[in-house]
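Remarks on the structure that follows.
Numbering (the working numbering), first residue to last: 6 to 95.
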């Protein structure tokens, strides 16, 4: 089977940690990525669950941006109790 090169960009810290884990498993990064690619092809899907942390939805992000803006202006932000009460009302 013909071989080809694939280049990817990755955070340096993630790469270093991934490489250490691969080494502990007796693999190199190329073998690990080949295993991943072959599993994707065989199963016709990503072989693990992908999900988004529900905390980082647009509503909560808007609240965070507002709290940061208020902090930067020196405005007192709501207490945790007030924020929890706001969430219960919605």
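For glycine and all other residues, C-beta sits at the position ideal for the given N, C-alpha and C. Every value quoted in this text rests on a predicted model; they were computed, and no experiment measured them.
Open item on the list: Can you tell me whether residue 54 is helix, strand or coil according to DSSP?
Closed with: coil
Task: Between the CA atoms of residue 20 and residue 14 - distance to the nearest angstrom - done: 9 Å
- [ ] Indicate whether residue 24 and residue 34 have their beta-carbon atoms separated by less than 8 Å.
- [x] yes
Task: Inter-residue CB distance, residue 52 and residue 45 (contact presumed, cutoff 8 Å) - done: 6 Å
Open item on the list: Could you check whether residue 27 and residue 37 sit closer than 8 Å to each other, using their CB atoms as the reference points?
Closed with: yes
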